[in-house]
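Let me begin by presenting the structure, written as structure tokens, before commenting on it.
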């Protein structure tokens, strides 16, 4: 099960920061010097191709959503306890979960494409992420923090141990630019 939940942390490149300014406008209003914004990308292996429609696909998406929400809530709570900012994206709506939503939604597929260089397929108006090992049987979801990498790394490791399922890739070059 550990290899079914991948977690990686990345310093947000400028192109992503420009988008995040519209997703989290209040976070970018302050002119105070802050650590770089970090993106935490999660990819969960699905039991089925998530480009499919129907009751089974909906149940699987709900299961993966609940798992991500538990992980993201724990991480964001721990980050905020240390007096840093953190929020996560509802993968269903693309809107922030902990701050007042703005008029911009965040695309999980675009984020994973940018940060992990995974490719995607187009299915009409939808983009379907293709994991290099799992193909379209993947559920991407992200959270964002302004904590230093070392603080985030410690929190990710602690939460991973507590949940006994997510695999952090720290030590394997998790700090990607």
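Residue numbers (my numbering): 374 to 550.
Positions of the beta carbon are idealized from the N, C-alpha and C atoms, including for glycine.
Buried or exposed by the 16-neighbour rule on C-beta atoms within 10 Å, applied to residue i
i           : result
residue 427 : exposed
residue 484 : buried
residue 466 : exposed
residue 383 : buried
residue 391 : exposed
residue 506 : exposed
residue 534 : exposed
Option nearest residue i by Cα separation, candidates the options
i           : options            : result
residue 452 : 422, 376, 424, 525 : 525
residue 377 : 504, 527, 522, 494 : 504
residue 497 : 416, 394, 424      : 424
residue 502 : 418, 431, 455      : 418
residue 513 : 386, 397, 413      : 413
residue 480 : 531, 499, 528      : 499
residue 381 : 510, 493, 489, 511 : 489
residue 395 : 511, 475, 494, 441 : 475
C-alpha distance - residue i paired with residue j, whole-angstrom precision
i           : j           : result
residue 450 : residue 443 : 11 Å
residue 422 : residue 508 : 8 Å
residue 410 : residue 447 : 19 Å
residue 520 : residue 458 : 7 Å
residue 379 : residue 399 : 29 Å
residue 388 : residue 537 : 34 Å
residue 529 : residue 439 : 18 Å
residue 477 : residue 527 : 31 Å
residue 393 : residue 482 : 15 Å
residue 401 : residue 462 : 17 Å
Cross-strand partners of residue i (DSSP beta bridge)
i           : result
residue 396 : Its beta-bridge partners do not exist; DSSP assigns none.
residue 460 : 517
residue 417 : 378, 512
residue 493 : 502
residue 474 : DSSP output for residue 474 lists no bridge partner at all.
Same chain, Cβ closer than 6 Å to residue i, neighbours up to 5 away in sequence not counted
i           : result
residue 433 : 419, 420, 421
residue 431 : none
Cβ neighbours of residue i in the same chain (closer than 7 Å, five flanking residues each side left out)
i           : result
residue 455 : 520, 524
residue 460 : 397, 449, 469, 470, 471, 472, 516, 517
8 Å CB neighbourhood of residue i in its chain, flanking five on each side removed
i           : result
residue 487 : 386, 388, 389
residue 531 : 451
residue 429 : 421
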